[in-house]
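A.B. asks:
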Amino acid sequence: MSYQDDVINVDSILSLMGGTIFHFIVGIKIMWGNVTPYVTSYLVQFNQNVSYHNTLHVYTAVFLGQSLFMYLGGQLEKKIGPRLTCFTGAALISSGTYLSSYCKSISTLGIVGIGIGLSYSSPIVCGFKYFKKSKGIVTGVITTGTGAGPFLFGLVATTFVNGENYPVDESTGLYDPDMSPVVGRVPSMFRLLGAIYAVCGFLGASLLISPSDDGNTKELTLAGIGSGESEPINTKSTSGYSETMTSGDDNIIPSTSAFVKGKGHQRYGSRVKFTTTFELTTPQMIRDSLCWLLIATKICTGVSGFYVAATYKSFGQTGIADDHFITGCLGCLSSGVSRLVWGATADKIGHFKALEMASYASPFFMIIYTLTVQSKLCFGLSVVLLFGLWGANYCLLPTIASFLFGDKHMGTNYGFIFLVFGLSCTFIIDVSGSSGMSFYFLNWVFVVVGFIGAALCSQIRYLTTKVSDEKALKHHRATSSVGSMI
């Protein structure tokens, strides 16, 4: 059996199950919007100046921790393996959540972001070593847990803290500790969630069984460092890809170094159509304006999703006095399941078209979300759809980046893209929270940002219209070391 074949045995199935279970806890940042009213009401007891805009910083701190430590997590996995890496992540995530029950500022939640960043990719790397031909399926199954976890944990948190469905005070938008027991249950909520995260995290990590390294799996690491000159990986036609996919060889894309001159490389640019894609190192990619166009696209199409995930409940309570309905747990589930849907859609109509479609749809539903806050049906559907459209950003852009800049340095290439994305989103959302503007006004700001992102998507699709990329992208989806993982 070739090393490229999938390995179906007890170890591989257990590792896939373990990775999915572990990802239940690495997606918990998107349930912050659900618990924000409880936590903010609790903190007001110690600082009367605390508002929803202040607690928004907790969400961005967790995301920042993930962005900064994902690269280190890939390096850690190479040193100690996926199981120990995930044990480390689970310990940080669960302890950070549990210790928050004793704090008056929730500063320990920053530890949660570090834990997520360190352990996010390890289960997927482990799955790739078994399922070498089915990486798209592996990433889809495992990252579905990223939405399923917040879905379940959000239900647990809301049921525990506010099982009676007490409304917030209309004048303050917070829970009154003298009128409802919600505020007093917040510390116990963190302890309960911390214990649940520990059980899920350690159970999932214990099921990860990494096969022995036979020398062929090193290429699968998500944070591999490499150096070398760029090579074109696609020609003006897709015949090379057709031959690759129909042949029984190692599924390696044929390339030539004819385009390489010394230390320089053929560049794309961000204005002229191109017909050839290249294998670029991270420094080469950074010097190419197409890289920054892709980063700007990711920021403008993704930041609105982070904003909605952090504020939908606080905004919704301005018009809907029903905590159980507005919990938005289905939105979290939609974020996970949608990644499978967008992957299938991209296989049908193309990745660039699918991303463009999602990018234009998102600001339109953001408008509906803003204008229908008084209607349970419209607001609820808008939240679910916005979470689902947000999933397209995570599913499609990594695959497009892999196609444009190659597989060889994908770990560091996409690591850099995600780092800039994370820092930028953190800055934008923090500034929004510090501005003191109403959520209604900020919603319109992010509508504009969304349309800018859609326009940038159109520019990327325009640049690639001369590239017959669909077979190439399908090939990348099956063989890329990153695929639609993040």
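Sequential numbering of the sequence shown, starting at 658, is according to the numbering used here.
Note that beta-carbon positions come from the ideal geometry of N, C-alpha and C, so glycine has one too.
Is it buried or exposed, Gly-1014, if we count other Cβ atoms within 10 angstroms and call 16 or more buried?
C.D. replies: Sequence inspection shows Met at residue 1014; the Gly mentioned does not correspond to that position. Its Cβ being crowded by 16 or more others within 10 Å, Met-1014 is buried.
A.B. asks: From what residue to what residue does the alpha helix (DSSP H) around Ile-1057 run?
C.D. replies: Ile-1057 -> alpha helix (DSSP H) spans 1033 to 1062.
A.B. asks: Just to confirm, is the Cβ distance from Ser-863 to Gly-738 under 7 Å?
C.D. replies: no
A.B. asks: To which residues does DSSP link Glu-1013 through a beta bridge?
C.D. replies: Beta-bridge pairing links Glu-1013 to no other residue.
A.B. asks: Measure how close the beta-carbons of Ser-672 and Gly-806 come, nearest whole angstrom, since I'm counting them as under 8 Å.
C.D. replies: Not a contact, Cβ separation roughly 18 Å.
A.B. asks: Looking at Ile-781: is its Cβ nearer than 7 Å to the Cβ of Val-769?
C.D. replies: In this structure, Ile-781 keeps its C-beta atom at 7 Å or more from the C-beta atom of Val-769.
A.B. asks: Could you check what DSSP says for Phe-703 in three-state terms: helix, strand or coil?
C.D. replies: coil
A.B. asks: Of the choices Gly-973, Ser-1089, Gly-1079, whose alpha-carbon is the least far from that of Phe-1036?
C.D. replies: Ranking Gly-973, Ser-1089, Gly-1079 by Cα distance to Phe-1036 puts Gly-973 first.
A.B. asks: Round the Cβ separation of Tyr-695 and Val-843 to the nearest angstrom and send it over; I've been treating them as touching at under 8 Å.
C.D. replies: 5 Å
A.B. asks: Going by DSSP in three states, Glu-734 sits in which element: helix, strand or coil?
C.D. replies: helix
A.B. asks: Leaving out five residues before and five after Lys-955 in sequence, what residues of the same chain have Cβ atoms less than 7 Å from its Cβ?
C.D. replies: Asn-1050, Leu-1054, Ile-1074, Phe-1078
A.B. asks: So, under 8 Å CB-CB, Ala-814 and Asn-666 are touching, yes? Tell me the CB distance rounded to an integer number of Å.
C.D. replies: With a Cβ gap of about 38 Å, Ala-814 and Asn-666 do not count as contacting.
A.B. asks: Are the CB atoms of Leu-775 and Gly-802 nearer to each other than 7 Å?
C.D. replies: no
A.B. asks: Tell me the DSSP secondary structure of Phe-1103 in three-state form.
C.D. replies: Three-state DSSP puts Phe-1103 in a helix.
A.B. asks: Among the residues of its own chain, which have a CB less than 7 Å from the CB of Leu-1169, if the five just before and after it don't count?
C.D. replies: Residue 1169 is absent from the structure shown; the chain starts at 658 and stops at 1143.
A.B. asks: Go through its chain and collect everything with a Cβ distance to Ser-1115's Cβ below 8 Å, but skip five positions before and after it.
C.D. replies: Glu-1013
A.B. asks: Determine the closest residue to Tyr-716 out of Val-1088, Phe-1108, Asn-1100, with distance taken between C-alpha atoms.
C.D. replies: Val-1088
A.B. asks: Residue range of the alpha helix (DSSP H) that Leu-671 falls in?
C.D. replies: Start and end: 667 to 683.
A.B. asks: Using only the alpha-carbon positions, how far apart do Val-947 and Ile-1117 sit?
C.D. replies: According to the sequence displayed, residue 947 carries Leu and not Val. Approximately 8 Å, taken between the alpha carbons.
A.B. asks: Quick one: Cα of Leu-1080 to Cα of Gly-753, how far?
C.D. replies: 22 Å
A.B. asks: Buried or exposed, going by whether 16 or more other CB atoms sit within 10 Å of the CB of Met-836?
C.D. replies: exposed
A.B. asks: When the Cα atoms are used, what is the spatial distance from Phe-808 to Gly-988?
C.D. replies: 8 Å
A.B. asks: Helix, strand or coil for Thr-819? Go by DSSP, reduced to three states.
C.D. replies: According to the sequence as given, residue 819 is Asn; it is not Thr. In this structure, Asn-819 counts as helix in the three-state DSSP scheme.
A.B. asks: On the criterion of 16 or more Cβ atoms from any shown chain inside 10 Å, does Gly-885 qualify as buried, or is it exposed?
C.D. replies: In this prediction, Gly-885 scores a pLDDT of 39, lower than 50, which makes its location untrustworthy; no coordinate-derived value is stated.
A.B. asks: Does Ser-992 pass the burial test, meaning 16 or more other C-beta atoms within 10 Å, or should it be called exposed?
C.D. replies: buried
A.B. asks: What is the residue span of the alpha helix (DSSP H) that Cys-824 lies within?
C.D. replies: Reading the sequence as shown, one finds Pro at residue 824 and not Cys. Boundaries cannot be given for Pro-824, as no alpha helix (DSSP H) includes it and DSSP labels it neither H nor E.
A.B. asks: Using a Cβ-Cβ cutoff of less than 8 Å, which residues in the same chain neighbour Ser-845 once the five nearest sequence positions on both sides are dropped?
C.D. replies: Ser-758, Phe-817
A.B. asks: Between which two residues does the alpha helix (DSSP H) containing Pro-844 stretch?
C.D. replies: 843 to 863
A.B. asks: Measuring CB to CB, does His-1066 end up less than 7 Å from Thr-975?
C.D. replies: Taking 7 Å as the cut-off, the Cβ atoms of His-1066 and Thr-975 do not count as close.
A.B. asks: Based on Cα-Cα distance, which residue from Leu-700, Ser-724, Leu-725 lies nearest to Leu-713?
C.D. replies: Leu-700
A.B. asks: Which residues in the same chain as Ala-1058 place their Cβ atom closer than 7 Å to its Cβ, once the five residues preceding and following it in sequence are excluded?
C.D. replies: Leu-951, Asn-1070, Tyr-1071, Ile-1074
A.B. asks: What is the residue span of the alpha helix (DSSP H) that Ile-952 lies within?
C.D. replies: It spans 946 to 973 - the alpha helix (DSSP H) in which Ile-952 sits, taken as one unbroken run.
A.B. asks: Do Gly-804 and Leu-1046 have their C-beta atoms within less than 7 Å of each other?
C.D. replies: no
A.B. asks: At the level of alpha carbons, what is the spacing between Phe-1021 and Val-1106?
C.D. replies: Just so you know, the alpha carbons of Phe-1021 and Val-1106 end up roughly 12 Å apart.
A.B. asks: Just tell me which of Ser-778, Gln-702, Asn-711, Val-707 has its CA closest to the CA of Ile-682.
C.D. replies: Ser-778
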